[in-house]
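For the sequence shown, this note's numbering begins at 1 and goes up steadily by one.
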Amino acid sequence: MDHSVTTAEVRVGMLGCGTVGSAVARMLDERGDDIERGTGVRLRITRVAVRDASASRTAPLPPDAYTTDPWSVVRDPAVDVVLELIGGIDPAEELLIGALRAGKPVVTANKELLANAGTGLFAAADAAGLDVRFEAAVAGGIPLIAPLKGSLVGDRLTRVLGIVNGTTNYILTKMTEQGSTFDDALADAQRLGYAEADPTADVDGSDAAAKCAILASVAFHTRVVSGDVFREGIAGVTPQDIADASRLGYVVKLLAIAELQDGEVAARVHPAMIPSSHALASVRDAFNAVFVEGAGIGQLMFYGRGAGGDPTASSVVGDLVAVAGTVAFGGRPVGWTPLLDRPIRSMDHSTGQYYLNLHVEDRPGVLAEIAEAFGRNDVSIERVWQEGFGEEATLVFITHRAREGSFQGAIAELRRLPSVRAVVSMLRVEGEE
Ligand SMILES: NC(=O)c1ccc[n+]([C@@H]2O[C@H](COP(=O)([O-])OP(=O)(O)OC[C@H]3O[C@@H](n4cnc5c(N)ncnc54)[C@H](OP(=O)(O)O)[C@@H]3O)[C@@H](O)[C@H]2O)c1
């Protein structure tokens with residue numbers, strides 16, 4: 001019997017050769033033979049666009065492969081697939097749309113583009129009948145997009161809950177385990193290379209919000225953009241919040257949460273307390289994990305490295321192999337065509353549980369005044385207890401599930417009560433049910 005397999009060469013034009021691009025080039029160099037044996041495609045990077053063609057590089061590519069003109073890569077007839085690893089919207093968006101119009105499927109790791117300006121890109125892909133793959137855009141090395149779009153396509157997914165930003169998870173881990181302040185933990189993350197010199201996009205939650213938008217879009221077959229995602233970063237998380245959480249058996253994590261509620265998509269990123277027994281609580285340092293809930297599957301967790309050249313390259317190469325298969329052997333792309341136009345539920349209408357610590361006057365009747373303010377706003381209390389006495393007295397509450405707008409209304413009213421001296425800390429509580 002003849003066991004020989006037809007193999008085909010698929011030529012990749014790579015835009016960008018930085019952390020991820022050079023790791024992709026190394027992976028294809030080292031693993032190319034095995035990939036060809038396993039899949040029947042030989043992936044060859046033929047052209048590479050960079051900003052500085054004369055810079056010395058670790059990628060095992062011939063010097064004449066480099067150019068500073070990305071359009072020459074996109075238009076090169078000796079390029080079958082375009083891989084975009086530049087980042088940002090401009091010029092990545094136009095380049096990828098140009099590639100699709102030239103009949104070339106694309107692979108990208110660019111969350112910013114997908115979450116903010118993806119509509120034009122997917123319209124171009126639909127018009128051309130070509131694939132756009134973006135496994136590396138969310139949680140770096142963790143295969144998540146392909147399982148959501150493929151393996152889990154039969155299920156009715158209801159919630160995706162994840163730790164999708166390694167920098168902030170590292171900071172919160174240091175605050176929890178070593179009692180560091182936010183500023184010290186951030187400085188530590190920068191020293192170790194986990195945080196950029198400008199850490200704004202991580203710390204303010206916008207990186208996680210872009211990933212949340214992509215996850216919500218894929219999980220619920222609709223179009224969600226960064227601006228649809230409610231966002232609160234971790235700069236306001238205090239050692240007091242962390243200490244309160246740990247005393248009560250919780251840990252504080254920055255969560256990206258996408259939920260389907262009565263046919264509407266609710267998407268949000270914010271710090272939250274989760275029970276220390278929850279699987280996400282054990283995700284430490286710069287690791288990422290995503291918890292998926294579906295009617296059939298129940299609960300499922302994906303865990304691994306959410307960034308770094310080699311882990312991210314692993315996702316990129318997987319996408320390249322998938323796309324190259326359709327280039328070489330035909331078949332319909334599994335592209336991401338939004339099927340439904342689901343409404344976005346505003347944060348005010350989302351529901352959740354809340355933890356609240358109030359510094360109060362220690363006298364009879366105070367608890368009743370506070371309970372009435374909660375009641376007037378439709379917020380019911382699951383647990384309440386007093387800590388300390390006299391000047392130090394605080395009242396600690398965990399609410400039942402309530403509408404965000406109602407809870408915020410209650411907080412506004414509580415701040416006006418003379419018996420409430422200060423709102424010491426307020427955190428959302430997730431993962432209880
Ligand atoms: N790093 C990660 O861990 C990670 C994880 C997941 C996703 N991603 C995503 O992967 C993408 C690439 O990230 P990275 O960390 O590899 O970035 P990077 O190290 O900054 O590399 C960017 C590359 O793009 C090139 N470039 C920039 N502007 C260009 C232009 N106008 N024309 C041609 N080339 C240009 C740069 O050229 P020079 O080398 O000449 O400067 C560099 O080679 C981003 O979308 C990022 O969000 C990264």
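The beta carbon of each residue, even a glycine, is placed where N, CA and C say it ideally should be.
8 Å CB neighbourhood of residue i in its chain, flanking five on each side removed
i      : result
Ser22  : Arg57, Thr58, Ala59 and Gly309
Leu61  : Cys17, Ala25, Ile45 and Val48
Phe287 : Ile163, Gly166, Asn169, Tyr303, Gly304, Arg305 and Gly306
Gly88  : Asn110, Glu112 and Leu113
Gly120 : Glu93 and Ile97
Alpha-carbon spacing of residue i relative to residue j, whole angstroms
i      : j      : result
Arg44  : Pro77  : 14 Å
Phe397 : Tyr170 : 28 Å
Ser465 : Pro239 : Lying outside 1 to 433, the shown extent of the chain, residue 465 is not represented and no answer is given.
Gly365 : Asp244 : 25 Å
Val237 : Ala272 : 10 Å
Gly205 : Val229 : 10 Å
Ala109 : Pro70  : 17 Å
Glu430 : Pro275 : 8 Å
Pro105 : Phe134 : 12 Å
Thr351 : Glu382 : 15 Å
Asp362 : Pro147 : 54 Å
Phe182 : Ala328 : 51 Å
Val81  : Val73  : 10 Å
Asp2   : Val251 : In this prediction, Asp2 scores a pLDDT of 49, lower than 50, which makes its location untrustworthy; no coordinate-derived value is stated.
Arg332 : Tyr354 : 46 Å
Gly298 : Ala210 : 25 Å
Tyr66  : Arg75  : 15 Å
Val12  : Val107 : 10 Å
Gln261 : Arg345 : 8 Å
Leu414 : Ile242 : 23 Å
Asn116 : Gln386 : 46 Å
Gln506 : Thr68  : One cannot answer for residue 506 here, as it falls past the ends of the chain, which runs 1 to 433.
Met27  : Ala324 : 16 Å
Glu9   : Asp52  : 28 Å
Ala371 : Glu404 : 17 Å
Closer than 8 Å: residue i CB and nearest ligand 1 heavy atom
i      : result
Glu177 : no
Thr19  : yes
Ile86  : yes
Arg51  : yes
Lys111 : yes
Ala136 : yes
Pro446 : The chain is shown from 1 up to 433; residue 446 falls before or after that span and cannot be answered.
Ala115 : no
Pro91  : yes
Leu15  : yes
Ala307 : yes
Thr108 : yes
Gly140 : yes
Ala55  : yes
Thr167 : no
Thr312 : yes
Beta-carbon contacts of residue i that lie in its chain and below 6 Å, excluding the five residues immediately before and after
i      : result
Val160 : Leu215, Ala219, Ala258 and Val292
Ile86  : Leu15, Gly16 and Ala92
Leu356 : Phe397 and Met426
Arg284 : Thr173
Thr167 : Ala189, Tyr194, Ala195 and Asp202
Ser379 : One point to set straight first is that residue 379 is Val, not Ser, in the sequence displayed. Answer for Val379: Thr399, Ala402, Ser406, Phe407 and Ala410, listed in chain order.
Arg421 : His359
Ala281 : Val251 and Ile274
Same chain, Cβ closer than 7 Å to residue i, five either side skipped, listed in chain order
i      : result
Arg342 : Phe220, Thr222, Gly263, Glu264 and Val265
Gly294 : Leu152, Asp155, Arg156, Leu157 and Thr158
Ala124 : Ile97, Leu100 and Arg101
Ile322 : For the sequence presented, residue 322 should be read as Ala rather than Ile. Excluding residues within five positions, the ones whose Cβ falls inside 7 Å are Arg133.
Arg268 : Val229, Phe230, Ile257, Met347 and Ser350
Gly233 : Val203, Asp204 and Gly205
Element boundaries [beta strand (DSSP E), containing residue i]
i      : result
Phe397 : Thr394 to Thr399
Leu358 : Thr351 to Val360
Asn288 : Phe287 to Gly294
Glu135 : No beta strand (DSSP E) holds Glu135; DSSP gives it neither H nor E.
Run of the alpha helix (DSSP H) containing residue i, from where it starts to where it stops
i      : result
Ser22  : Thr19 to Thr39
Val316 : Gly309 to Phe329
Lys174 : Gly166 to Gln178
Arg376 : Val366 to Arg376
Phe220 : Ser206 to Phe220
Glu9   : Careful: Glu9 lies outside any alpha helix (DSSP H), inside the beta strand (DSSP E) at Ala8 to Leu15.
Glu94  : Ala92 to Arg101
Check: residue i C-beta below 8 Å from any heavy atom of ligand 2
i     : result
Ser22 : As for ligand 2, it is missing from this structure, which binds only ligand 1.
Would you check if there are 3 or more beta carbon pairs closer than 8 Å linking the region 294-306 to the region 135-148? yes
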